[in-house]
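Comments concern the structure below.
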Amino acid sequence: MQNNEINHQPGCEDELNIGLLTVAEAQIRILDGVSAITATETLSIRDALGRVLAENIVSPIDVPSHTNSAMDGYALRAADLPADGVRSYPVPGTSWAGRPWLTPVEPGQAIQIMTGGMMPAGADTVVMQEQVEREGASVRIGTGHKRGQNVRAAGEDIATGQSVMTAGKCMTAADIGVLASLGLGEISVYRRLKVAFFSTGDELRAVGESLAPGEIHDSNRYTLYGMLKKLDVEIIDMGVVRDRRELVEQAFEEAAASADAIITSGGVSVGEADFVKETLEKLGSMSFWKIAMKPGRPVTFGHLNDAVFFGLPGNPVSVMVTFFQFVRTALLKMSGATDAVGAYTVRARTLTALRKRPGRFEFQRGVLEQAEPGEFSVRSVGAQGSGILRSMSEANCFILLQPDQVSIEAGQEVLVQPFQNLI
Ligand code: AMP
Ligand code: MG
1 MQNNEINHQP GCEDELNIGL LTVAEAQIRI LDGVSAITAT ETLSIRDALG
51 RVLAENIVSP IDVPSHTNSA MDGYALRAAD LPADGVRSYP VPGTSWAGRP
101 WLTPVEPGQA IQIMTGGMMP AGADTVVMQE QVEREGASVR IGTGHKRGQN
151 VRAAGEDIAT GQSVMTAGKC MTAADIGVLA SLGLGEISVY RRLKVAFFST
201 GDELRAVGES LAPGEIHDSN RYTLYGMLKK LDVEIIDMGV VRDRRELVEQ
251 AFEEAAASAD AIITSGGVSV GEADFVKETL EKLGSMSFWK IAMKPGRPVT
301 FGHLNDAVFF GLPGNPVSVM VTFFQFVRTA LLKMSGATDA VGAYTVRART
351 LTALRKRPGR FEFQRGVLEQ AEPGEFSVRS VGAQGSGILR SMSEANCFIL
401 LQPDQVSIEA GQEVLVQPFQ NLI
């Protein structure tokens, strides 16, 4: 979780921003204000891909379950290896992968063995096929071999009783592969988080509808849908709620009855048609609403009955930025995830000058490119208005500009937070 936190120096707000919460404080308060769900369900390991493990996994078996050969070759007793010269060994049979040679190896014998084939009793060393000379029913082996070579011990990957994974892990392809290697077909995972969301605004029209003067299409419900899809939560899309006190209250109650988390966009300013903050104060509890950041200043966080409430700003870029910086990590914690991947930061040289006002954290949209292996450059996508959603579409990262930073010239290093594949 820590990865997603933004470090910054407090105490350098300009006059306008006095009394505003810093981004880091807001992140901490939000994380402290949410807790993980406890309900679980049992799923087949394939269905559990991407879900959060709700139990500790202890291995019921050794992996591999038998000592076996790492090479195609000949298994023998190390004591029989020639000290000098070349020695000939009769080969009475073959240990195939899955079809072991069950007779113990007698002194002086070698058993042909395939990769993964079980080591025959008595043998402790394998000589690679490429290093022997086969002669009818026997094999000639020279010097230069070591006791125990090319042998994989039972339990060397995972031993019986060994702790393999702990609750809170997000199941990856490797994880379900490991579970399969243990022979486990089903595991317990936390149930999916239910997240309800709606847009507020009299000006909003659905896609496909034509616009009357002053109207716009509702895009926030699409960006939110997309970002929630990435988190594998159960999505409850409640549509558009008009700017009327009763309708907003009704939507709040409906959402709280069915969801673990509620996300709204718009209506959190102090405009006359902004009912979100007021409704949260009336029906639930409100924690804060102004953060020294751009874009995305008015953000509301609180609780409504048992649900956690995130009131995001209306501007399309602000929605995406505040979701990424605050909501995403909180939803991951609520999902039970303890190893959730936050957003990493990297240093990159900016190819463009960046305009910045001191006193607030700015999340400018940029394009991060690998200049050379391990060396990154970033350029601004251009206009940074909070209504210019195209800036998010063209970008693959946030350029993180700390409150105390001022405008930056081209060629300087900046901190960048890639978001490709995360939202
Ligand atoms: P508000 O916070 O409600 O005052 O909205 C701030 C700005 O965001 C206004 O220009 C709104 O028209 C715009 N906006 C609000 N909701 C949406 C939405 N769902 N899709 C696109 N723009 C929106
Ligand atoms: Mg509005």
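Residue numbers for the sequence shown follow the numbering used here, beginning at 1 and rising by one.
Yeah, the Cβ is synthetic: ideal placement off N, Cα and C, and Gly gets one too.
Check	Outcome
For a test of the three-state rule: what should DSSP assign to Thr223, helix, strand or coil?	helix
Does Thr352 pass the burial test, meaning 16 or more other C-beta atoms within 10 Å, or should it be called exposed?	buried
Is Ala48 helix, strand or coil by DSSP?	coil
Exposed or buried, Arg328, counting other C-beta atoms within 10 Å across all chains shown (16 or more means buried)?	buried
Given the structure, does Ala273 come close to the ligand MG, in the sense that its CB is under 7 Å from one of the ligand's heavy atoms?	yes
Between the region 382–396 and the region 311–329, do at least 3 Cβ pairs fall closer than 8 Å?	yes
Would you tell me roughly how many angstroms separate the C-alpha atoms of Met334 and Glu362, rounded to the nearest one?	27 Å
In whole angstroms, what is the alpha-carbon distance linking Phe323 and Glu186?	33 Å
Taking all protein chains shown into account, do 16 or more other C-beta atoms lie within 10 angstroms of the C-beta of Thr350, making it buried, or fewer, making it exposed?	buried
Nearest to Ala167 by alpha carbon, out of His303, Val378, Ala337 and Asp84?	Ala337
Please confirm whether Pro90 and Gln109 have their CB atoms less than 8 Å apart.	yes
Report the partner residues of Tyr344 according to the DSSP bridge assignment.	Beta-bridge pairing links Tyr344 to no other residue.
Note down the Cα distance separating Leu184 from Arg152, rounded to an integer number of angstroms.	22 Å
What's the call for Lys282, buried or exposed, on a 16-neighbour Cβ count within 10 Å?	exposed
My understanding is that Leu400 touches Leu422, with C-beta atoms under 8 Å, so please give their C-beta distance in whole angstroms.	The Cβ separation is near 15 Å, so there is no contact.
Taking the Cβ atom as the reference point for each residue, do Asp237 and Gly201 lie within a distance shorter than 8 Å?	no
Return the bridge partner residues of Met392 from the DSSP annotation.	For Met392, which the question treats as bridged, DSSP gives no partner whatsoever.
Is Asp175 near the ligand AMP, judged by its Cβ being under 7 Å from some heavy atom?	no
Pairing CB atoms from the region 250–265 with CB atoms from the region 294–312, are three or more of them under 8 Å?	yes
Can you list, in chain order, the residues of its chain whose CB lies under 7 Å from that of Ala303, leaving out five sequence neighbours each side?	The sequence given here has His at residue 303, not Ala. The residues are Gly284, Ser285 and Phe309.
So what does DSSP say about Phe376, is it helix, strand or coil?	strand
DSSP state of Phe419, grouped into three classes?	coil
Looking at the structure shown, is Thr300 part of a helix, part of a strand, or coil, going by DSSP?	strand
List, from N- to C-terminal side, the alpha helix (DSSP H) runs of 4 residues or more that fit wholly inside the region 196–257.	220–230
When the Cα of Thr143 is compared with those of Thr94, Gly117 and Asp80, which residue comes out closest?	Asp80
Excluding the 5 residues flanking Phe197 on each side, which residues of the same chain have their C-beta closer than 6 Å to its C-beta?	Leu224 and Ile263
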